[in-house]
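Participant: Sending over a structure as structure tokens; questions will come in a sec.
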Amino acid sequence: AQKVTQAQTEISVVEKEDVTLDCVYETRDTTYYLFWYKQPPSGELVFLIRRNSFDEQNEISGRYSWNFQKSTSSFNFTITASQVVDSAVYFCALSDPPVRGDKLIFGTGTRLQVFP
Amino acid sequence: KAGVTQTPRYLIKTRGQQVTLSCSPISGHRSVSWYQQTPGQGLQFLFEYFSETQRNKGNFPGRFSGRQFSNSRSEMNVSTLELGDSALYLCASSTTSGNTGELFFGEGSRLTVL
Numbered sequence: 001a002q003k004v005t006q007a008q009t010e011i012s013v014v015e016k017e018d019v020t021l022d023c024v025y026e027t028r029d030t031t032y033y034l035f036w037y038k039q040p041p042s043g044e045l046v047f048l049i050r051r052n053s054f055d056e057q058n059e060i061s062g063r064y065s066w067n068f069q070k071s072t073s074s075f076n077f078t079i080t081a082s083q084v085v086d087s088a089v090y091f092c093a094l095s096d097p098p099v100r101g102d103k104l105i106f107g108t109g110t111r112l113q114v115f116p
Numbered sequence: 117k118a119g120v121t122q123t124p125r126y127l128i129k130t131r132g133q134q135v136t137l138s139c140s141p142i143s144g145h146r147s148v149s150w151y152q153q154t155p156g157q158g159l160q161f162l163f164e165y166f167s168e169t170q171r172n173k174g175n176f177p178g179r180f181s182g183r184q185f186s187n188s189r190s191e192m193n194v195s196t197l198e199l200g201d202s203a204l205y206l207c208a209s210s211t212t213s214g215n216t217g218e219l220f221f222g223e224g225s226r227l228t229v230l
């Protein structure tokens, strides 16, 4: 069965520190998608990235970077030079093929607190 | 472009009552998904609709139901409310069929059952 594990429940850092959020997934499928979403206090989940299982290239977007390693079933997320506005709950998610439809399996989330 | 709109944002019900939550997707999006978020169980998939058809359903009892209208707006209904139904109910829309697309979430409807 598909499963996403985010072992870090809560992380606290001081502004400008780098922080890495871990995500480990389980799936028997060879084709799947991985996602990261951010949930600020307002409640809505905000899409950050989608990664196809066939694309193991790391990706960088500004202060955000993602490290996808199929060999270890991990899809970690790093924030460089963190800012107070980065404070939120971050969710890693796995698509649930082969069932049609937009269904995601979410991890339990990591609450990131960035202090000034 | 307006985002996903969910109403009501907050509501309080008592056990045994029923509730209907509404979701207006982003214009042009034909897929609407619903998720329940609780501190204990996290984010759990309820169901997904595409072009008025339920394509996928999570592991929730039959008290949880939904529908989608021709304009892609969706409603979910929970009957015979239980204390454990207290949660944030999130609606998400997307353009794609299949589970590869980016989901756009609303701010949710926070239901409290007393």
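In the order they appear, the protein sequences are chains A and B.
To convert, note that position 66 of the first sequence is 66 in my numbering; the numbers rise steadily by one, no gaps.
Each number in my numbering comes from the position in the second sequence (counting from 1) with 116 added on.
We put the beta carbon where it would ideally sit given N, CA and C, even for glycine.
Compare the beta carbon distance of Thr-228 of chain B and Gln-134 of chain B with 8 angstroms and say whether it is the shorter of the two.
Facilitator: no
Participant: Which residues, in order along the stretch 43–60 of chain A, keep a beta-carbon less than 7 angstroms from a beta-carbon of chain B?
Facilitator: Gly-43, Glu-44, Leu-45, Phe-47 and Arg-50
Participant: So which residues of chain B does Phe-91 of chain A contact, with C-beta pairs closer than 9 angstroms?
Facilitator: Within 9 angstroms Cβ-Cβ: Gly-158 and Leu-159.
Participant: Could you tell me the alpha carbon to alpha carbon distance between Thr-121 of chain B and Ala-208 of chain B, rounded to whole angstroms?
Facilitator: 9 angstroms
Participant: So, is the C-beta of Thr-5 of chain A closer than 8 angstroms to a C-beta in chain B?
Facilitator: Output row for Thr-5 of chain A: interface = no.
Participant: Name, please, each residue of chain B whose Cβ falls closer than 8 angstroms to the Cβ of Thr-108 of chain A.
Facilitator: Gly-158
Participant: Count the other C-beta atoms from every protein chain shown that fall within 10 angstroms of the C-beta of Gly-224 of chain B, then say buried if there are 16 or more, exposed otherwise.
Facilitator: By the beta-carbon neighbour count (other beta carbons within 10 angstroms, threshold 16), Gly-224 of chain B is buried.
Participant: At a CB-CB cut-off below 7 angstroms, which residues of chain B make contact with Leu-21 of chain A?
Facilitator: Within 7 angstroms Cβ-Cβ: nothing; Leu-21 of chain A doesn't reach chain B, min ~16 angstroms.
Participant: Which residues share a DSSP beta bridge with Thr-78 of chain A?
Facilitator: A:Thr-20 and A:Ser-65
Participant: Distance cutoff 8 angstroms, beta carbons only. Does Leu-104 of chain A sit that close to anything in chain B?
Facilitator: Leu-104 of chain A counts as touching chain B.
Participant: Helix, strand or coil: which one does DSSP assign to Leu-199 of chain B?
Facilitator: Of the three classes helix, strand and coil, the one that applies to Leu-199 of chain B here is helix, per DSSP.
Participant: Assign Ile-79 of chain A to one of two classes, buried (16 or more other C-beta atoms within 10 Å of its C-beta) or exposed (fewer than that).
Facilitator: buried
Participant: Hey, could you find the ends of the beta strand (DSSP E) Lys-129 of chain B is sitting in?
Facilitator: That run of the beta strand (DSSP E) goes 126–129.
Participant: Excluding sequence positions up to five away, which residues of its chain have a Cβ less than 6 angstroms from the Cβ of Phe-121 of chain A?
Facilitator: Here chain A covers residues 1 to 116 and nothing more, so residue 121 of chain A does not appear.
Participant: Based on Cα-Cα distance, which residue from B:Pro-124, B:Leu-230 and B:Leu-206 lies nearest to Thr-45 of chain A?
Facilitator: Sequence inspection shows Leu at residue 45 of chain A; the Thr mentioned does not correspond to that position. When each option's Cα is compared against that of Leu-45 of chain A, the closest is B:Leu-206.
Participant: For Ser-210 of chain B, name the three-state secondary structure that DSSP assigns.
Facilitator: strand
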